[in-house]
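The next block holds one structure in the form of structure tokens; read it before the comments.
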Amino acid sequence: DGGITQSPKYLFRKEGQNVTLSCEQNLNHDAMYWYRQDPGQGLRLIYYSQIVNDFQKGDIAEGYSVSREKKESFPLTVTSAQKNPTAFYLCASSPSRDNNQPQHFGDGTRLSIL
Amino acid sequence: SQKIEQNSEALNIQEGKTATLTCNYTNYSPAYLQWYRQDPGRGPVFLLLIRENEKEKRKERLKVTFDTTLKQSLFHITASQPADSATYLCALGYSSASKIIFGSGTRLSIRP
Chain A
9 DGGITQSPKY LFRKEGQNVT LSCEQNLNHD AMYWYRQDPG QGLRLIYYSQ IVNDFQKGDI
69 AEGYSVSREK KESFPLTVTS AQKNPTAFYL CASSPSRDNN QPQHFGDGTR LSIL
Chain Y
147 SQKIEQNSEA LNIQEGKTAT LTCNYTNYSP AYLQWYRQDP GRGPVFLLLI RENEKEKRKE
207 RLKVTFDTTL KQSLFHITAS QPADSATYLC ALGYSSASKI IFGSGTRLSI RP
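Protein chains in written order, with my numbering: chain A, 9 to 122; chain Y, 147 to 258.
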């Protein structure tokens, strides 16, 4: 069954701590994306990757970092520099960089501050 | 910068009626417009895509229109059912960009 798996579903971060959110896809998609969703707001793009070993900053990249060492994996690290990390984080993928193709989403990770 | 406006208020519809959701945008018309459904605590699920040269697209009980003059897309669900209750997001895609821009969504409730 193809899809995107995000883990964990819930995550808590302590002050000054970095945390990493996992995103794995078995759809053989080239492009992957990380979004942040806050209540009453649309999805905001954090980072995206169109191919292995390459990624670009989105609209709100400050305080976040990513890597794309494998086609199927695109982990997101929320660093201590991100002062307001509480949000719902969504990972998505699409077959290629063309934005005329639908994005497939995981079921998200909800990050909270301890 | 591009702005997308979706009904900020929740939409409450009687079962069996047609639900119509609006997506308005400013500035440049997108090459593509997509609609997604999102249930609470879940990721969005793709529903339909319409291109700028298409006026209308249908899929089962769903219909999307795209008017580049009005800078608006309408999303219709006919014969609505309680199971259609969810938040619906529109997203704009531009040929010159590798990313799409999402609206904040409209929450739809279908009452029996």
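Note that beta-carbon positions come from the ideal geometry of N, C-alpha and C, so glycine has one too.
Bear in mind that the values here come from a model prediction, so they are computed numbers and not experimental data.
*Enclosing beta strand (DSSP E) for A232(Y) [first to last residue]*: A232 to G239
_Taking 7 Å as the threshold (C-beta atoms), are L195(Y) and Q184(Y) in contact?_
no
*asked:* What does the Cβ neighbour count give for K245(Y), buried or exposed, with the cut at 16 atoms within 10 Å?
replied: buried
_Near-chain Y residues of the stretch 11–28 of chain A (beta-carbon distance less than 7 Å), N- to C-terminal order_ = none
*Taking C-beta pairs closer than 8 Å, name the residues in chain Y that D115(A) reaches, listed in chain order.*
G187, R188 and G189
*Under the three-state DSSP convention, the category A229(Y) falls into*: helix
_Residue span of the beta strand (DSSP E) that contains E77(A), given as start and end_ = Careful: E77(A) lies outside any beta strand (DSSP E) and carries neither H nor E.
*Give, in chain order, every residue of the stretch 161–181 of chain Y whose Cβ lies closer than 8 Å to some Cβ of chain A.*
A177, Y178 and Q180
_K65(A) - DSSP class collapsed to helix/strand/coil_ = strand
*Classify D106(A) as helix, strand or coil using the three-state DSSP reduction.*
coil
*May I ask which residues mark the beginning and end of the beta strand (DSSP E) holding V191(Y)?*
V191 to R197
_Can you pull out the residues from the stretch 38–51 of chain A whose beta carbon lies closer than 8 Å to at least one beta carbon of chain Y?_
A39, Y41, Y43, G48, Q49, G50 and L51
*Shorter than 7 Å from the beta carbon of N108(A) to some beta carbon of chain Y?*
yes
_Contacts that S250(Y) makes with chain A (C-beta to C-beta distance below 8 Å)_ = G48, Q49 and G50
_Run through the DSSP bridge pairs and tell me what Y174(Y) is partnered with._
According to DSSP, Y174(Y) bridges with nothing at all.
*What residues in its chain sit with their C-beta under 6 Å from that of Y18(A), if we drop five residues either side in the sequence?*
R118
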